[in-house]
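Structure record follows, encoded as structure tokens.
Chains as they are written, first to last, in this note's numbering: chain A, 27 to 140; chain B, 335 to 476.
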């Protein structure tokens, strides 16, 4: 499904990387533990996390993740947004809990990476 | 080609910059994206380990047509029991490291999974050297 549908489903707010709204995504992984994120072998899945720090984006960069959904109504600071832009990572803020976000996205067809 | 990166212990704001720079270089060299991912994940995990545990470190990335060889030398407390440190779930990380999303005892095992060859040498109260080799040609080095 494309990112626009995902954005609407979770009532999300796009922070940067609007150019990717028509891009298709099939898989997602949810974690606040970046060590777990770095073990995922496939590329280009959506990362759902409540962790907002530079290592979230560094982990996304290394793991070839192009889209990060920040849940639990966490706000992304300007240096975080700047780093996301530099690495061409789309950022979405979502006010829902991680559980609710995952439930909605699973229900509309986004698949688990394992 | 040889690149060097100096790493400051405790500076989490810059942790990952060596891996980020290396990724850009490997992309420019048209290395297979799957290999790039393995190389930079191993490098990033090891870079975070230096920031988390050591006082300072030096990362050397050597790229030729057959392999990428990364040597990470740090000055720090060293690893008392390398076999134990290689076990998934074993960690001595401080709360600050856990706040960053690490410290679950998965770094070294994940480096091993992503490396074709891994050597770790450690001297207590002196430091640790981690060497990661990734072969760029299938079957090379095996």
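C-beta atoms are modelled at their ideal positions from N, C-alpha and C, and glycine is treated no differently.
- The C-beta of residue 374 of chain B comes closer than 8 Å to at least one C-beta of chain A.
- With respect to the 8 Å criterion, residue 83 of chain A and residue 115 of chain A are classified as neighbours on the basis of their beta carbons.
- Rounded to the nearest angstrom, the Cβ distance from residue 381 of chain B to residue 350 of chain B is 6 Å, consistent with a contact under 8 Å.
- Collapsing the DSSP output to three states places residue 104 of chain A in a helix.
- Cβ-Cβ separation between residue 385 of chain B and residue 341 of chain B: approximately 6 Å, consistent with a contact (criterion under 8 Å).
- The Cβ neighbour count for residue 39 of chain A, taken over all protein chains shown within 10 Å, is under 16; the residue is labelled exposed.
- Taking 4 residues as the shortest admissible run, the segment 351–382 of chain B contains the following complete alpha helix (DSSP H) segments, listed from N- to C-terminal end: 351–362.
- Here the C-alpha atom of residue 371 of chain B lies approximately 21 Å from the C-alpha atom of residue 422 of chain B.
- In its chain, beyond the 5 residues on either side, 343, 409, 410 have a beta carbon closer than 6 Å to the beta carbon of residue 389 of chain B.
- Burial state of residue 356 of chain B is buried, judged by a 10 Å Cβ sphere holding 16 or more other Cβ atoms.
- Taking a 10 Å sphere around the C-beta of residue 81 of chain A, we find 16 or more other C-beta atoms and assign the residue as buried.
- Chain B places no beta carbon closer than 8 Å to that of residue 78 of chain A, leaving this residue out of the contacts.
- Contact annotation for residue 69 of chain A against chain B: 367, 368, 371 [CB-CB distance below 9 Å, chain order].
- Within the DSSP bridge table, the entry for residue 456 of chain B names B/462 as partners.
- Per DSSP, residue 408 of chain B is one residue of the beta strand (DSSP E) stretching across 401–409.
- Taking 8 Å as the CB threshold, residue 349 of chain B lines the interface with chain A.
- Along the segment 411–425 of chain B, there is no position whose C-beta sits under 8 Å from a C-beta of chain A.
- The residue among B/362, B/348, B/375 with its C-alpha nearest the C-alpha of residue 447 of chain B is B/375.
- For residue 444 of chain B, same chain residues with a beta-carbon under 6 Å away, outside a window of 5 residues either side, are 379 in chain order.
- Look at the segment 426–458 of chain B: the residues with a C-beta under 7 Å from a C-beta of chain A are 434, 435, 436, 438, 440, 441, 444.
- Our two residues, residue 102 of chain A and residue 119 of chain A, have alpha carbons roughly 8 Å apart in a direct line.
- In terms of beta-carbon proximity, residue 379 of chain B lines the interface with chain A, with at least one pair separated by less than 8 Å.
- Around residue 56 of chain A, the same chain offers 74, 124, 128 as residues with beta carbons nearer than 6 Å, after the five sequence neighbours per side are excluded.
- Take the alpha-carbon of residue 65 of chain A and the one of residue 117 of chain A: they are about 21 Å apart.
- In the three-state DSSP reduction, residue 49 of chain A falls in the coil class, being neither helix nor strand.
- In the DSSP assignment, residue 340 of chain B falls within the unbroken beta strand (DSSP E) covering 336–342.
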